[in-house]
Structure formats: structure tokens, C-alpha cells
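K.L.:
Take a look at the following structure, please.
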Amino acid sequence: LFLSGYLTYILTGEFTDSVGCTVGYMPFDYKKQEWASESHMNYKMFPVARERLPRLVKPSEILGYISREASDKTGIPYGLPLIAAAADKACEVLGSGVISPNVACLSYGTTSTVQTTHNKYFEVIPFFPSYPSAIPDHFNTEIMIFRGYWMVNWFKKEFGLRETQMSEKTGRTPEDHFEDMIKTIPAGSMGLTLQPYWSPGLKTPGTEAKGAIIGFGDVHTRAHIYRAILEGLTYSLKEGLIRTVKRTRKPVSRIVVSGGGSQSRSAMQITADIFNMPTFRPHTFETSSLGAAIDAAVGMGFYKDYEDAVKAMTRTGEEFLPDIKNVEIYSELYKKVYSPMYKHLQPLYKQIRNVTGYPQKI
97 LFLSGYLTYI
107 LTGEFTDSVG
117 CTVGYMPFDY
127 KKQEWASESH
137 MNYKMFPVAR
147 ERLPRLVKPS
157 EILGYISREA
167 SDKTGIPYGL
177 PLIAAAADKA
187 CEVLGSGVIS
197 PNVACLSYGT
207 TSTVQTTHNK
217 YFEVIPFFPS
227 YPSAIPDHFN
237 TEIMIFRGYW
247 MVNWFKKEFG
257 LRETQMSEKT
267 GRTPEDHFED
277 MIKTIPAGSM
287 GLTLQPYWSP
297 GLKTPGTEAK
307 GAIIGFGDVH
317 TRAHIYRAIL
327 EGLTYSLKEG
337 LIRTVKRTRK
347 PVSRIVVSGG
357 GSQSRSAMQI
367 TADIFNMPTF
377 RPHTFETSSL
387 GAAIDAAVGM
397 GFYKDYEDAV
407 KAMTRTGEEF
417 LPDIKNVEIY
427 SELYKKVYSP
437 MYKHLQPLYK
447 QIRNVTGYPQ
457 KI
């Protein structure tokens, strides 16, 4: 059992889990969204007997009912239906209102992702599955930057002592002070370009990948580095969306951004400019909880379908439109600097690993 299935068992006594929560090392067939047959590759890697696996239900279906024991211990009413939702990112996408392929959801959390929703299965990167959506019989493509807006915390820890101390006096967060710091820094950070692979990948980028900042000159300051972090993360997500659109053949015309990083107006404007698309943030950045609530609302029959539920329960908080001058700068930097950067640095990353042993070979 994953944690979701364990909690279901504790609350209801049922050995049941949601299809939407089966993301991980399990004998699961992601294309059929059911337990894998014995001939399936995933079963051969994880040969767990079927009787030891929980019964699966779709998002918005009933997992079970709150048991007397769970009710006594938690105060949750006895007999209350427990509705299936999905994994955190899947709920985040739904809570952001992203239910059609022409809208992409960016998650600006500790791990940053670009995701789209489809009624058809795709593997954007071969052997990396689309995960179950929080909408039944749908799929979320996902490309991930493992060290996403964790980079902001890294910057705060290594370079943000002044702003951290200021925040104790002003009552504002260090991130608010970082926002002030980069207001005068132009788009493109005067050529300072960051590749955000502070943690290696498995395939794209590879296991040898490392972070890099190129383009330093005597004009550059901490503020340029901070803006370059925001830009580098966005370049990487744009690269992921281009790959997604190429594979799915479903063009994207609108971006929705969720997660704590979406509270940064600078990050939002940079996103609109680099993607050259209208970019929105929802009225709340806690969209994962909202997505789970939408599943519950549909499951209880409060709305006839997901389209009605999303219309009623989500709304746009703020819209950011591309600035044409910035779009031109970012387009040139992406094509001529960021896009070829990994290919040119990859041999050096391999040599660094060979010499130092870091990152460790997988």
C-alpha cells in the first residue's frame, strides 16, 4: 500500500486505493490504469501477487465509509463516504482548472513541473509514463525539474543573509526583498544564463548533469544571479513544454501557474515573457487541496461533471501578458544560448563525474 491506501484502510477498514494515487514503484499499467498483467514489464520488475494489491477505484468514486473506530478517534462522522482523489501533482493540475490539452499547468514548488491533461496516453520521454489524472480515464504528461523553486531557498541560504535579517525588522519575507532587489535587472540578466540542474536527472537531463551559470561579467551582482535562477527554471520548463507539444501534437495557448513560486510577480512576468503566452495564477496557490475538493464535489453529485465543477470552484487570480520587448530578448537567448547549453556542457559534466565521483553513477 502507498500512504493513500494505508490511510483509506485506517479510516474505512477497506483494502482500497485510488487509481489516481498509483504513482511509483508498483506493478501498475499506466496506459490501462489498472494493475499490470503478469506479462507486463512493470509486473516483471515488481512481481507483487494480485491478492496483495488493493482494489482500485477511479477518482470521484467511493473508497469506503468512515468506520466506527475511526469516527471515535477522529471525530469524523461515522458512515461518511470517503471519496477518491489523486496524487498531489494531479490534484494540483485539476485545482488549477487545467482540464483540456490546450492549457499547460506549471507547478512552482520545491520540485517544478510542466503538465498537460489528455484523454489519451502519451510517453513524452520514452519509458516515462503519463500519470493518472485526477479526472477519471485521463492522463497527465509531466516533465520535472527536481530542484525547482528549491533554488530560491538555496539562494536565500547562500546569498540572502541581508534580506533574511531585513525581514526580521520589516515583517516581510526574504523573498519579498528579493523581488525588490531584481526590479531594475533587465530581462536576460545581462547575459547571465543558468541551467538549473543542481540535481541530476535520469534521462533528460542525464545522470551526469550538473548546474551551471555562464556569462559572468563585472556588472553582475547577486540580483542578476537571482533573476537568472527564475529565468533558468522557466527556460527548462519551456524546453519541457516544447517536447510535450511535439509528442502529443496538441498546441498549448495558455499557461496556468500554481505553487508557492506563483506568488512572485517577477516569476509570473518572466514566465509570460519566456513562453510568450498569457499566463495566469489561480485565486489560491493551494490548488492541490482544491483539486481533491473538486473530486469530492463531483463524487457527491454536487456537479454533473468536471467541467461544471471547475467552472464553479476555480477562478483566475491574476493575468500576466507577454511584454514584446522581453519576448524578443528571451527568444534569442533561449535559441542561441540556453537550448544548446546542455549539449555543449554534457561532455564536461561527464569528465567532472569521472574525476570527482560526483554525481554518483546510477
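Residue numbers (my numbering): 97 to 458.
Glycine residues also receive a C-beta, built at the ideal position from the N, C-alpha and C atoms.
In this text the structure is predicted, and so the values were computed from the model without any measurement.
How far does the alpha helix (DSSP H) with Asn-249 in it reach, from first residue to last?
P.N.:
Here the alpha helix (DSSP H) through Asn-249 covers 246 to 255.
K.L.:
Looking at C-beta atoms only, is the number of pairs between the segment 186 to 205 and the segment 350 to 358 that lie closer than 8 Å three or more?
P.N.:
Contact between the segment 186 to 205 and the segment 350 to 358 is present, because at least three Cβ pairs lie under 8 Å.
K.L.:
Beta strand (DSSP E) containing Phe-371: first to last residue?
P.N.:
Unbroken run through Phe-371 is the alpha helix (DSSP H), 361 to 371; no beta strand (DSSP E).
K.L.:
List the whole-angstrom C-beta distance separating Leu-107 from Ile-158, where the pair is believed to meet the contact cut-off of C-beta under 8 Å.
P.N.:
Actually they do not touch by this definition, with Cβ atoms about 12 Å apart.
K.L.:
Would you identify the three-state DSSP class for Ala-200, choosing helix, strand or coil?
P.N.:
Three-state DSSP puts Ala-200 in a strand.
K.L.:
May I have the straight-line CA-CA distance separating Glu-259 from Lys-185, to the nearest angstrom?
P.N.:
Answer to the nearest angstrom: the Cα atoms are 31 Å apart.
K.L.:
Measuring CA to CA, which of Gln-129, Phe-251, Ser-435 is closest to Glu-275?
P.N.:
Closest option to Glu-275, Cα to Cα, is Phe-251.
K.L.:
Looking only at its chain, what residues have a beta carbon closer than 6 Å to the beta carbon of Ser-100, apart from the 5 residues adjacent to it on each side?
P.N.:
These residues qualify, in order along the chain: Asp-113, Cys-117.
K.L.:
Could you check whether the segment 313 to 329 touches the segment 278 to 286, counting it as contact only if at least three pairs of C-beta atoms, one from each stretch, sit closer than 8 Å?
P.N.:
Touching, per the Cβ criterion.
K.L.:
Answer with buried or exposed for Leu-429, where buried requires no fewer than 16 other C-beta atoms within 10 angstroms of its C-beta.
P.N.:
Buried: at least 16 other Cβ atoms inside 10 Å.
K.L.:
What is the residue span of the beta strand (DSSP E) that Ser-354 lies within?
P.N.:
That run of the beta strand (DSSP E) goes 350 to 354.
K.L.:
Determine whether the beta carbon atoms of Ser-196 and Arg-243 lie at a separation below 8 Å.
P.N.:
Against a cut-off of 8 Å, the Cβ pair of Arg-243 and Ser-196 comes out as no contact.
K.L.:
Which class does Tyr-410 belong to by DSSP, given the choice of helix, strand or coil?
P.N.:
Correcting the residue type first, residue 410 is Thr in the shown sequence and not Tyr. Looking at Thr-410 - three-state DSSP - the assignment turns out to be coil, as it is neither helix nor strand.
K.L.:
With 16 as the cutoff for other CB atoms within 10 Å, does Val-210 come out buried or exposed?
P.N.:
Under this definition Val-210 is a buried residue.
K.L.:
How big is the Cα-Cα spacing for Lys-306 and Arg-268?
P.N.:
Distance between the alpha carbons of Lys-306 and Arg-268 is about 33 Å.
K.L.:
Among all the DSSP beta bridges, which residues are the ones paired with Leu-178?
P.N.:
In DSSP, Leu-178 forms a bridge with Gly-160.
K.L.:
Using only the alpha-carbon positions, how far apart do Pro-40 and Tyr-293 sit?
P.N.:
This structure cannot settle anything about residue 40, because the visible part of the chain is limited to 97 through 458.
K.L.:
Excluding the 5 residues preceding and the 5 following Leu-176 in the sequence, name in chain order all residues of the same chain whose CB lies nearer than 7 Å to its CB.
P.N.:
Here the set comprises Tyr-161, Ile-162.
K.L.:
Per DSSP, which residues does Gln-291 bridge with? Please list them.
P.N.:
In the DSSP output, where bridge partners are listed per residue, Gln-291 has Ala-308.
K.L.:
Helix, strand or coil for Asp-276? Go by DSSP, reduced to three states.
P.N.:
Looking at Asp-276 - three-state DSSP - the assignment turns out to be helix.
K.L.:
Any heavy atom of the ligand SAH within a distance shorter than 7 Å of the CB on His-320?
P.N.:
For the ligand SAH, the structure offers nothing, since it holds no ligand at all.
K.L.:
Go ahead and label Thr-280 buried or exposed: buried means 16 or more other beta carbons lie within 10 angstroms of its beta carbon, across all protein chains shown.
P.N.:
So Thr-280 ends up on the exposed side.
K.L.:
For Tyr-105 and Phe-142, what's the separation of their Cα atoms in angstroms?
P.N.:
Near 22 Å, if we compare the C-alpha coordinates of Phe-142 and Tyr-105.
K.L.:
Please list, in chain order, all residues of the same chain as Phe-124 whose beta carbon is under 7 Å from its beta carbon, the five residues on each side excluded.
P.N.:
The answer, listed in chain order, is Thr-118, Trp-131, Ala-132, Asn-138.
K.L.:
Quick one, which of Val-144, Ser-156, Ile-231 has its alpha-carbon nearest Gly-193's?
P.N.:
Ranking Val-144, Ser-156, Ile-231 by Cα distance to Gly-193 puts Ile-231 first.
K.L.:
Using DSSP bridges, identify the partner residues of Pro-378.
P.N.:
DSSP, once it has assigned bridges, lists Thr-412 as partnering Pro-378.
K.L.:
In angstroms with no decimal places, state the Cα-to-Cα distance between Gln-442 and Asp-369.
P.N.:
Looking at the two C-alpha atoms, the distance is approximately 28 Å.
K.L.:
Please return the same chain residues whose Cβ sits closer than 6 Å to the Cβ of Thr-344, not counting the five positions on each side in sequence.
P.N.:
Excluding residues within five positions, the ones whose Cβ falls inside 6 Å are Phe-218.
K.L.:
Please work out which residues of its chain come closer than 6 Å, Cβ to Cβ, to Ile-425, disregarding the five sequence neighbours upstream and downstream, and give them in chain order.
P.N.:
Hits under 6 Å: Ala-283, Gly-284.
K.L.:
Suppose you measure from the CA of Tyr-121 to the CA of Leu-149; what does that come to, to the nearest Å?
P.N.:
Near 13 Å, if we compare the C-alpha coordinates of Leu-149 and Tyr-121.
K.L.:
Bridge partners for Asn-450 per DSSP, in chain order?
P.N.:
Answer by DSSP bridge pairing: none, since Asn-450 is not bridged.
K.L.:
In or out: Tyr-204 buried (at least 16 other Cβ within 10 Å) or exposed?
P.N.:
By the 10 Å Cβ count, Tyr-204 comes out buried.
K.L.:
Checking the sheet assignment: what are the DSSP bridge partners for His-234?
P.N.:
DSSP lists no partner for His-234.
K.L.:
Might you give, ordered along the chain, the residues of its own chain that have their beta carbon closer than 6 Å to the beta carbon of Leu-337, omitting 5 neighbours on each side?
P.N.:
These residues qualify, in order along the chain: Ala-200, Val-210.
K.L.:
Could you tell me if Ile-420 is buried or exposed, where buried requires 16 or more neighbouring beta carbons within 10 angstroms of its beta carbon?
P.N.:
Exposed.
K.L.:
Quick one: Cα of Phe-235 to Cα of Pro-228, how far?
P.N.:
If you take the alpha carbons of Phe-235 and Pro-228, they lie about 5 Å apart.
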